[in-house]
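Engineer: Protein chains in written order, with the working numbering: chain A, 1 to 209; chain B, 1001 to 1209.
For every residue, glycine included, the Cβ atom is placed at its ideal position computed from N, Cα and C.
Computed from a predicted structure; not experimentally measured.
Quick one: this structure, given as structure tokens, is what I'll be asking you about.
2 protein chains.
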Amino acid sequence: MKLYSFPGAPNPRRVLIFAAEKDLALEVVNVDLPGREIKQPEFLKKNPSGKIPVLELDDGRCIAESVAISRYLESLVPEPNLFGMDAYETAVIEMQHRFIEFELNMQIGFAWVHGPIVAKMGLIEPIEEMRRRGDAGARSYYKRLNRELETRDYVAGDRFTIADITALCMIDFASAMVNLKPDETLDALWRWHARVSERPAVANQAGMS
Amino acid sequence: MKLYSFPGAPNPRRVLIFAAEKDLALEVVNVDLPGREIKQPEFLKKNPSGKIPVLELDDGRCIAESVAISRYLESLVPEPNLFGMDAYETAVIEMQHRFIEFELNMQIGFAWVHGPIVAKMGLIEPIEEMRRRGDAGARSYYKRLNRELETRDYVAGDRFTIADITALCMIDFASAMVNLKPDETLDALWRWHARVSERPAVANQAGMS
């Protein structure tokens, strides 16, 4: 299986960590992201949304979206379980994962899309007030996450799951690229960050720095 | 099991349709949405994000987020299957569902949040340019969806799945509340809309109008 990726990009990194946790080797194909390869007709056949990551199976079928790819890998290699063991745990992991995606990641996304780096790429006309709201929203969510991590060791409960992978990749991206490093006073968040970052599957799949 | 809901609201409607497809009866508790009950401490214990729907189990444990609740119901009542039968189909449904959530729903969300109704509620200061971009983004996605529905009968393939429920509820909400009814020329989209809307589980769980 081939994974279309780009070094350090947060969403491909989610899949690379997920696969490494499963001890599953993927053939990584790095796309020409600056050259906008992913918006060209050939790539749009693989993913009509024009984004990475994309997993290409040996028969040529493609799966886009990091979570869809991860769920496919979970079916192929069920252990270690990262999506939930029973009905209730599966639902809680999905809920916590969605909180991260729709509340934290969305705010980081606003700060990134309306920030100076994307503006320099000339892709969209930034709206400074959206950047400011995204920045404030992400910082507010960091405080909520810190409070929650005072009561449990991982994002979705007492064990490592896909929700930790998503949160870590976005926080590392926000720290490196969006000027949104969590405040040093958020002790529980940083203890969690160290706990997750020292896992071999995570340490071997570095983000941007 | 109790479902905290509000009549016609799109995200609770997703769960109500999902449960009806499973022929599963939920006790519906309508919250005082205008009175902001969901932002009060008592409700935040059920869902720290302060949103509906929330499913309360008979032992008092709560699950928030429509997709997390739906996945829980799928575990309880596996048939008819709405999330996928094997590894590949499950991944494709997740991918198509995420396209709808992150590309269509997000644009509709921008048009709604920065539009006149939310402005009148005084919850946020609207940014007219975001409303305009959301409007254009949603209309552009409608065209993509129409093209895709020329090649298949349902959002994620040849059968009805959770991706259809999500798309229908958001398009109905956008039509009724955000001035974003899909253009009448989008034949394949409207044929799909009729096909899905005439299902008993959907027809019995009306949206806003």
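Give the range of the beta strand (DSSP E) segment to which Ser1005 (chain B) is assigned.
Structural biologist: Start at 1 with the first residue of the second sequence, and residue 1005 (chain B) comes out as number 5. Taken as a continuous stretch (DSSP letters only), the beta strand (DSSP E) holding Ser1005 (chain B) covers Lys1002 to Ser1005.
Engineer: Using a Cβ distance threshold of 8 Å, determine whether the stretch 1132-1142 of chain B contacts the stretch 1037-1047 of chain B, with at least three qualifying pairs required.
Structural biologist: As far as the Cβ criterion goes, the stretch 1132-1142 of chain B does not touch the stretch 1037-1047 of chain B, which means the pair count is below three.
Engineer: Are three or more beta carbon pairs between the stretch 196-208 of chain A and the stretch 1163-1180 of chain B nearer than 8 Å?
Structural biologist: Touching, no, given that fewer than three Cβ pairs across the two stretches are closer than 8 Å.
Engineer: For chain B, check one thing: does any of its Cβ atoms lie closer than 9 Å to the Cβ of Ser140 (chain A)?
Structural biologist: Walking along the first sequence from the start, residue 140 (chain A) turns up at place 140. So no, Ser140 (chain A) is outside the interface.
Engineer: Could you name each continuous beta strand (DSSP E) segment of 3 residues or more that falls completely within the stretch 62-94 of chain A, going from the start of the chain to the end?
Structural biologist: Correct list: 62-64.
Engineer: Kindly list, in the order they appear in chain A, the residues whose Cβ is closer than 7 Å to that of Glu1129 (chain B).
Structural biologist: The residue given as residue 1129 (chain B) occupies position 129 in the second sequence. By Cβ distance, chain A contributes Ile127.
Engineer: Is the beta carbon of Lys1120 (chain B) within less than 8 Å of some heavy atom of the ligand HEM?
Structural biologist: This structure lacks the ligand HEM, and indeed carries no ligand of any kind.
Engineer: Give the residues of chain B in contact with Ala68 (chain A), contact being defined as C-beta atoms less than 9 Å apart.
Structural biologist: Taking the first residue of the first sequence as 1, we reach residue 68 (chain A) at position 68. Within 9 Å Cβ-Cβ: Thr1090, Ala1091, Val1092, Ile1093, Glu1094, Met1095, Gln1096, His1097 and Arg1098.
Engineer: Relative to chain B, which residues along the stretch 62-87 of chain A have a C-beta separation below 8 Å, given in chain order?
Structural biologist: Listed by position along the chain: Ile63, Ala64, Glu65, Val67, Ala68, Ile69, Arg71, Tyr72, Ser75, Leu76, Asp86 and Ala87.
Engineer: Nearest-angstrom Cα distance between Gly1050 (chain B) and His114 (chain A)?
Structural biologist: Counting from 1 along the second sequence, the entry for residue 1050 (chain B) is found at position 50. Counting from 1 along the first sequence, the entry for residue 114 (chain A) is found at position 114. The alpha-carbon atoms of Gly1050 (chain B) and His114 (chain A) are separated by roughly 27 Å.
Engineer: List, in chain order, every chain B residue whose beta-carbon is nearer than 7 Å to that of Glu103 (chain A).
Structural biologist: Here the question's residue 103 (chain A) lines up with position 103 in the first sequence. Residues of chain B passing the Cβ test: Ser1049.
Engineer: Would you give the residue range spanned by the beta strand (DSSP E) that Glu27 (chain A) belongs to?
Structural biologist: Counting from 1 along the first sequence, the entry for residue 27 (chain A) is found at position 27. Residues Glu27 to Asn30.
Engineer: Would you call Val1029 (chain B) buried or exposed, if buried means 16 or more other Cβ atoms sit within 10 Å of its Cβ?
Structural biologist: Stepping through the second sequence from its first residue, residue 1029 (chain B) is reached at position 29. Under this definition Val1029 (chain B) is an exposed residue.
Engineer: Let me check one thing: in DSSP terms, what residues is Glu1056 (chain B) bridge-paired to?
Structural biologist: Numbered from 1 along the second sequence, position 56 holds the residue referred to as residue 1056 (chain B). DSSP lists B:Lys1002 and B:Cys1062 as partners of Glu1056 (chain B).
Engineer: Output yes if chain A places a C-beta closer than 9 Å to the C-beta of Leu1057 (chain B); else output no.
Structural biologist: Counting from one through the second sequence, the residue named residue 1057 (chain B) turns up at place 57. So yes, Leu1057 (chain B) belongs to the interface.
Engineer: Cα-Cα, which of B:Ala1206, B:Gln1040, B:Asn1081 and B:Glu1184 is closest to Asp1023 (chain B)?
Structural biologist: Within the second sequence, the letter at position 23 stands for residue 1023 (chain B). Ranking the options by Cα distance to Asp1023 (chain B), first place goes to B:Asn1081.
Engineer: What runs of the alpha helix (DSSP H), each 4 residues or longer, lie entirely inside the stretch 1146-1185 of chain B?
Structural biologist: Entirely contained in the stretch 1146-1185 of chain B, the alpha helix (DSSP H) runs reaching 4 residues are, in chain order, 1162-1177.
Engineer: Any C-beta of chain B sitting closer than 9 Å to the C-beta of Leu144 (chain A)?
Structural biologist: Taking the first sequence and counting its residues from 1, one reaches residue 144 (chain A) at position 144. Here residue 144 (chain A) is Arg; the residue named in the question, Leu, does not match the sequence. Output row for Arg144 (chain A): interface = yes.
Engineer: Tell me whether Gln205 (chain A) sits in a helix, a strand or coil according to DSSP, three-state version.
Structural biologist: Position 205 of the first sequence, counting from 1, holds the residue named residue 205 (chain A). Coil.
Engineer: Beta-carbon of Met1211 (chain B) versus every beta-carbon of chain A: anything under 9 Å?
Structural biologist: Since the displayed chain B opens at 1001 and closes at 1209, residue 1211 (chain B) lies outside it and no answer follows.
Engineer: Looking only at its own chain, which residues have a Cβ that is under 8 Å from the Cβ of Ala1019 (chain B), when we skip the five neighbours before and after it?
Structural biologist: Position 19 of the second sequence, counting from 1, holds the residue named residue 1019 (chain B). Excluding sequence neighbours, Ala1019 (chain B) sits near Leu1003, Ala1025, Leu1026 and Leu1073.
Engineer: Run through DSSP, which three-state label would Gln107 (chain A) get?
Structural biologist: Within the first sequence, the letter at position 107 stands for residue 107 (chain A). Note: Gln107 (chain A) maps to helix in three-state DSSP.
Engineer: Can you check whether the CB of Val1015 (chain B) is closer than 9 Å to the CB of Ser1066 (chain B)?
Structural biologist: Translated into positions along the second sequence, residue 1066 (chain B) becomes position 66. Translated into positions along the second sequence, residue 1015 (chain B) becomes position 15. Taking 9 Å as the Cβ cut-off, Ser1066 (chain B) and Val1015 (chain B) qualify as a contacting pair.
Engineer: Closer than 8 Å is the cut-off here; do at least three beta carbon pairs connect the stretch 57-65 of chain A with the stretch 1090-1098 of chain B?
Structural biologist: Touching, yes, given that three or more Cβ pairs across the two stretches are closer than 8 Å.
Engineer: How many angstroms separate the CA atom of Phe1110 (chain B) from the CA atom of Pro116 (chain A)?
Structural biologist: Start at 1 with the first residue of the second sequence, and residue 1110 (chain B) comes out as number 110. Start at 1 with the first residue of the first sequence, and residue 116 (chain A) comes out as number 116. Computed Cα separation, rounded: 21 Å.
Engineer: Excluding the five sequence neighbours on either side, which residues of its own chain have a C-beta within less than 7 Å of the C-beta of Glu1101 (chain B), listed in chain order?
Structural biologist: In the second sequence, residue 1101 (chain B) corresponds to position 101, counting from 1. Excluding positions up to five away in sequence, the list reads Thr1166.
Engineer: Check the Cβ-Cβ distances between Glu148 (chain A) and every residue of chain B, and say whether any is below 9 Å.
Structural biologist: Locating residue 148 (chain A) in the first sequence gives position 148, counting from the first residue. Answer yes: the Cβ-Cβ gap between Glu148 (chain A) and chain B drops below 9 Å somewhere.
Engineer: Cα separation between Arg191 (chain A) and Tyr141 (chain A)?
Structural biologist: For the purposes of this step, residue 191 (chain A) is identified with residue 191 of the first sequence, where counting begins at 1. For the purposes of this step, residue 141 (chain A) is identified with residue 141 of the first sequence, where counting begins at 1. Looking at the two C-alpha atoms, the distance is approximately 17 Å.
Engineer: Which of helix, strand or coil does DSSP assign to Pro34 (chain A)?
Structural biologist: Here the question's residue 34 (chain A) lines up with position 34 in the first sequence. Three-state DSSP puts Pro34 (chain A) in coil, outside helix and strand.
Engineer: Any beta carbon from chain A within less than 9 Å of Met1208 (chain B)'s own beta carbon?
Structural biologist: Here residue 1208 (chain B) corresponds to residue number 208 of the second sequence, with the count starting at 1. Judged by the 9 Å Cβ criterion, Met1208 (chain B) is not in contact with chain A.
Engineer: Taking 9 Å as the threshold (C-beta atoms), are Tyr88 (chain A) and Leu1057 (chain B) in contact?
Structural biologist: Position 57 of the second sequence, counting from 1, holds the residue named residue 1057 (chain B). Position 88 of the first sequence, counting from 1, holds the residue named residue 88 (chain A). Against a cut-off of 9 Å, the Cβ pair of Tyr88 (chain A) and Leu1057 (chain B) comes out as a contact.
Engineer: With DSSP run on the structure shown, which of helix, strand or coil describes Asn1047 (chain B)?
Structural biologist: Taking the first residue of the second sequence as position 1, residue 1047 (chain B) is located at position 47. It is coil, neither helix nor strand.
Engineer: Less than 9 Å between the C-beta atoms of Trp1112 (chain B) and Met1177 (chain B), yes or no?
Structural biologist: Along the second sequence, read from residue 1 onward, the residue named residue 1112 (chain B) stands at position 112. Along the second sequence, read from residue 1 onward, the residue named residue 1177 (chain B) stands at position 177. Yes.
Engineer: Could you tell me whether the Cβ of Met1 (chain A) comes closer than 9 Å to any Cβ of chain B?
Structural biologist: To locate residue 1 (chain A), count along the first sequence from 1; it is residue 1. No, Met1 (chain A) does not count as interfacial toward chain B.
Engineer: Checking contacts by CB at 9 Å: is Met1106 (chain B) closer than that to chain A?
Structural biologist: Within the second sequence, numbered from 1, the residue matching residue 1106 (chain B) stands at position 106. Yes - at least one Cβ of chain A is within 9 Å of the one on Met1106 (chain B).
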